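What follows is one structure encoded as structure tokens, with my remarks underneath.
Numbering (our numbering), first residue to last: 20 to 155.
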């Protein structure tokens, strides 16, 4: 059996948190229309319930991502391509959080849609970059 060490646990927490953050946004986007059609008031409590899980997951992403970044920096493993990918990934993580946060704060449906798309779109690119880092 392969070793389960602190690095494996950290990466597992990171992947689980990403699953909640990104997957939850996809599920909520898929449910938004049917919930609104069934009962216009139904979406808000579902979104609030998701937020109680999503935002702690986002914090776990930040903490485990920072921890992995510190390990890469200390080991001197960050080549130029990796540094560029990590920089873009960090900016998009911030954009994902900002997009999701603004989505909850704005009132008009158009702005809610725009910020939801920004949050989810940037999160999906973050996943792509994360996989490219693991595969490098």
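Even glycine gets a Cβ: it sits at the ideal position worked out from N, Cα and C.
Note that this is a predicted model, so its numbers are computed, not measured.
Pairwise C-alpha distance: residue j and residue i
i           : j           : result
residue 24  : residue 31  : 11 Å
residue 100 : residue 118 : 27 Å
residue 54  : residue 102 : 42 Å
residue 110 : residue 72  : 23 Å
residue 152 : residue 22  : 21 Å
residue 108 : residue 150 : 11 Å
residue 27  : residue 145 : 20 Å
residue 87  : residue 29  : 8 Å
residue 59  : residue 67  : 15 Å
residue 104 : residue 129 : 32 Å
residue 133 : residue 120 : 12 Å
residue 89  : residue 106 : 13 Å
Beta-carbon contacts of residue i that lie in its chain and below 8 Å, excluding the five residues immediately before and after
i           : result
residue 80  : 33, 36, 37, 40 and 112
residue 136 : 118
residue 65  : 47, 50 and 54
residue 131 : 122 and 125
residue 143 : 41
As assigned by DSSP and simplified to three states, the class of residue i
i           : result
residue 113 : helix
residue 87  : helix
residue 45  : helix
residue 126 : coil
Own chain, CB closer than 7 Å to residue i, minus 5 neighbours either side, in chain order
i           : result
residue 62  : 51, 54 and 55
residue 77  : 40 and 116
residue 69  : 43 and 47
residue 141 : 111, 114, 115 and 118
Per-residue burial, residue i [other beta carbons within 10 Å of its own, 16 or more giving buried]
i           : result
residue 147 : exposed
residue 126 : exposed
residue 139 : buried
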